[in-house]
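Student: Mapping to the working numbering: the sequence shown position 260 is 263, numbers consecutive. Next up is a structure, given as structure tokens.
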Amino acid sequence: MAALVHASPSNTTALKRAGTPKLVFAHFMVGIVDGYTQADWANDIALASATGIDGFALNIGTDTWTDPQLVLAYAAARNTNFKLFISFDFLAAPGFNDFNTQIVPRLKLYASDPAQLQWGNGALVSTFGGDGFDWSAVRNAVGAPLEIIPFYQAALAHQDSTDGLFQWNAWPSEDDQPINQPMSTAGDLFYQSQLGTSPYMAGVSPWFFTHYRPPLDKNWLYLSDTLLIDRWNQILNLKPQLVELISWNDFGESHYIGPLHPERPSVYAQSGNPDGAIQWAPGFPHDAWRKIITPYIAAYKTGGPVTISTAQENIVYWYRPHPKGLSCSDPFLGPPTGQSFPSDGIWAATLLASPATITITSGSNTLKQTALAGINYFSTGMGSGQPTFKLERNGAVITQGTGGLSIDLNSCNIYNFNAFVGSTR
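Quick look at the structure:
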């Protein structure tokens, strides 16, 4: 990784940031919500807000529906405590380098909007890519105070024009390639060491699987079996100023935590690939992961530890539809890179106010173990059919349930390494 250089904040800025709250955002792909209504935006905002999320990072390209959707998003958030900011996707839209036509008009329109997130020096602005872009001219043209925290992949050519950095990488990888190792904090620590007192925004993600044939040509997975909990535990130790969840609705990469949209199949298409995410996302809800995220957000903001109330006690479970070694009758692609990395397991996280006993059964595989207070995860082998889950304390059942997806050990139509996520409450 190339060295990152930054400008040290002034004493005034440092004092202002000292009282700036820790916030958590969710990355929202505007590029897939053509046809969204203001009611759709309001529903997503309500769900995210109930999770403890403070705002959406609105990832935009230059699609024809970008500006109409921004209008609806800001209108939906305007009378709430939920906030928004734009994340300019330079990799999807190289035209953002023409900042006078693509960036400045949007920031002029929204920088002072009541629904715009104000943090640090002013209106928060982020990116996906755009290494070395000089924001000085943008600041001058917009005329409103800005807090610019972009994701850059390498060294900054115009370091004095940014306020901090966001690191996108939230999965175990090396040179952007999957590796069979747990998630490391080496990248976070490097960014933090280079930034000093300037703000660092860390990425958190629950999963990653994508299976697109050309022209997208994306067919890989990152080791994600216990990534959500492992990564949040890292965040509690790292204590970054900001956190961005990746993502709310990127169905194409299987790391969504927002709702599925059976009524709007267009959200599963990406870059003209109707044979893409619609093959692996519908029928695979991830909503229950938000039940884990909520207490972690609370702990992050207060400084921890994670505490669970009696009302929050639950089992959140996740598993894949078939073993990793099957040869699928896939009409599109062969197995993804990283196919051998995940375990063939059934995963369950316990959310407990005090110790209890968890039982997981999948086919002939059974695990029965004491779970401590807080959030802990357990696993057993993948068996045929629907797994079952039970939580008991002092002989009384607290909660129990059956997984909503049946596992097939013998055949598969496509290589689907997405997770089916549910909970017993």
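Just so you know, even glycine gets a beta-carbon here, dropped at the ideal spot from N, CA and C.
Since LEU61 contacts VAL33 with CB under 8 Å, what's their CB separation in whole angstroms?
Tutor: The Cβ separation is near 5 Å, so the contact holds.
Student: Opposite SER426 in the DSSP bridges: which residues?
Tutor: Note: SER426 sits in a beta bridge opposite VAL319.
Student: If you draw a straight line from the C-alpha of VAL128 to the C-alpha of PRO117, how long is it?
Tutor: Roughly 15 Å separates the two Cα atoms.
Student: Please confirm whether ALA422 and SER257 have their CB atoms less than 9 Å apart.
Tutor: Yes, Cβ-Cβ distance for ALA422 and SER257 is below 9 Å.
Student: The beta strand (DSSP E) that contains THR373, what's its start and end?
Tutor: It spans 368-374 - the beta strand (DSSP E) in which THR373 sits, taken as one unbroken run.
Student: What three-state label does DSSP hand PHE193 in the structure shown?
Tutor: In the structure shown, PHE193 sits in a helix (DSSP, three-state: H, G or I).
Student: Report the rounded CA-to-CA distance for ALA49 versus THR40, giving the unit in angstroms.
Tutor: One C-alpha to the other measures close to 14 Å.
Student: Output yes or no for whether 9 Å exceeds the beta carbon distance between TRP292 and PRO209.
Tutor: Contact flag set, yes.
Student: Quick check on the DSSP output: the alpha helix (DSSP H) that includes ASN240 runs from which residue to which?
Tutor: First-last of the alpha helix (DSSP H) with ASN240: 230-241.
Student: By the DSSP assignment, the beta strand (DSSP E) with SER129 in it spans what residues?
Tutor: Note, SER129: beta strand (DSSP E), 125-131.
Student: Could you round the C-beta distance between LEU394 and THR402 to whole angstroms and report it? I think they count as a contact, below 8 Å.
Tutor: The Cβ separation is near 5 Å, so the contact holds.
Student: Just reading off the alpha helix (DSSP H) that ILE296 is part of, what are its end residues?
Tutor: ILE296 -> alpha helix (DSSP H) spans 292-305.
Student: Do ILE378 and THR360 have their CB atoms nearer than 9 Å?
Tutor: Cβ atoms of ILE378 and THR360: not closer than 9 Å.
Student: In this structure, does DSSP put THR391 in helix, strand or coil?
Tutor: THR391: strand per DSSP, three-state reduction.
Student: Could you compute how far the alpha carbon of HIS9 sits from the alpha carbon of ASN124?
Tutor: Because HIS9 carries a pLDDT of 35, less than 50, the predicted location of this residue cannot be relied on, and the following value inherits that uncertainty. HIS9 and ASN124: Cα-Cα distance of roughly 16 Å.
Student: Among PHE335, TRP321 and TRP223, whose alpha-carbon lies nearest the alpha-carbon of GLN389?
Tutor: Among PHE335, TRP321 and TRP223, the Cα nearest to that of GLN389 is on TRP321.
Student: Along the beta strand (DSSP E) that carries TRP223, what are the first and last residues, could you check?
Tutor: Looking at the DSSP string, the run of the beta strand (DSSP E) that includes TRP223 is 221-224.
Student: By alpha-carbon positions, which one of ASN419, ILE349 and PRO217 ends up nearest to GLY406?
Tutor: That would be ILE349, whose Cα lies nearest to the Cα of GLY406.
Student: Would you mind reading off the limits of the beta strand (DSSP E) that contains TYR215?
Tutor: Segment 212-215, the beta strand (DSSP E) holding TYR215.
Student: Can you give me the C-alpha to C-alpha distance between THR213 and LYS86, rounded to a whole angstrom?
Tutor: THR213 and LYS86: Cα-Cα distance of roughly 29 Å.
Student: How many whole angstroms separate the CB atoms of LEU224 and PHE211, which I take to be in contact at a CB cut-off of 8 Å?
Tutor: Right, the Cβ-Cβ distance comes to about 6 Å (below 8 Å), so this counts as a contact.
Student: Go ahead and pull the three-state DSSP assignment for ASP92.
Tutor: Here ASP92 sits in strand by DSSP.
Student: Short check: CB of PRO429 to CB of ASP290, under 9 Å?
Tutor: Missing from the structure shown is residue 429; the chain here goes from 4 to 428 and no further.
Student: Suppose only complete runs of 4+ residues qualify. What are the alpha helix (DSSP H) ranges in the stretch 14-81, listed by chain order?
Tutor: The qualifying runs are 14-21, 41-54 and 69-80.
Student: VAL424 and PHE287: beta carbons closer than 9 Å?
Tutor: Against a cut-off of 9 Å, the Cβ pair of PHE287 and VAL424 comes out as a contact.
Student: With DSSP run on the structure shown, which of helix, strand or coil describes SER414?
Tutor: Three-state DSSP puts SER414 in coil, outside helix and strand.
Student: Hey, PHE91 and THR130: beta-carbon distance below 9 Å or not?
Tutor: Cβ distance < 9 Å, so PHE91 and THR130 count as in contact.
Student: Let me know if PRO202 comes out buried or exposed under the rule of 16 or more other beta-carbons within 10 Å of its beta-carbon.
Tutor: Label assigned to PRO202: buried.
Student: Whose CA, out of GLN273, GLU316 and ILE300, lies closest to the CA of ASP66?
Tutor: Checking every option, the nearest Cα to that of ASP66 belongs to GLN273.
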